[in-house]
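For the record, in the sequence shown the residue sitting at position 43 is 44 according to our numbering, with numbers rising by one throughout.
Just so it is clear, CB atoms sit at the ideal spot from N, CA and C, and this is done for glycine as well.
Since the model is a prediction, treat every value here as computed from it, not as a measurement.
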Amino acid sequence: MSLFAEHIQQLLDAAAQSAASGDETCSGMTILIGQDNGIHMIAASDGADWDWPLDSLATERGARAAYRITNRNGSVRVEGREGSRRCVMETTSPARTARLLLGA
């Protein structure tokens, strides 16, 4: 697995664990990795930057990699962009899966 895909998997695991623990403090986050490996994090509540498409935001900010984490309706999704590579991983919480299976 590439380092790019590993980063997306690690972010997905951390976000899913946070969501499973009931942590509702952050419904979304964008992480930009600069050319100098500096990290810039943007919370969904920060407004204007959150509305940008991920690739456009990465280009505007000069980031070499960008990740967007969203948590909606019991699903956690991580979108990653690095150069020409794109990847999306998504998982559903065990509670949501149980509700779907039980029809509740």
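**Message:** Among Val89, His8 and Thr31, whose alpha-carbon lies nearest the alpha-carbon of Ser57?
**Reply:** Thr31
**Asked** Under the three-state reduction of DSSP, which class applies to Ser19: helix, strand or coil?
**Response** helix
**Request:** Keeping to the same chain, check which residues put their C-beta closer than 7 Å to that of Arg86; ignore five residues upstream and five downstream.
**Result:** Phe5
**Asked** By DSSP, does Ser28 sit in helix, in strand, or in coil?
**Response** coil
**Message:** Can you look up Ser76 in the DSSP assignment and give me helix, strand or coil?
**Reply:** strand
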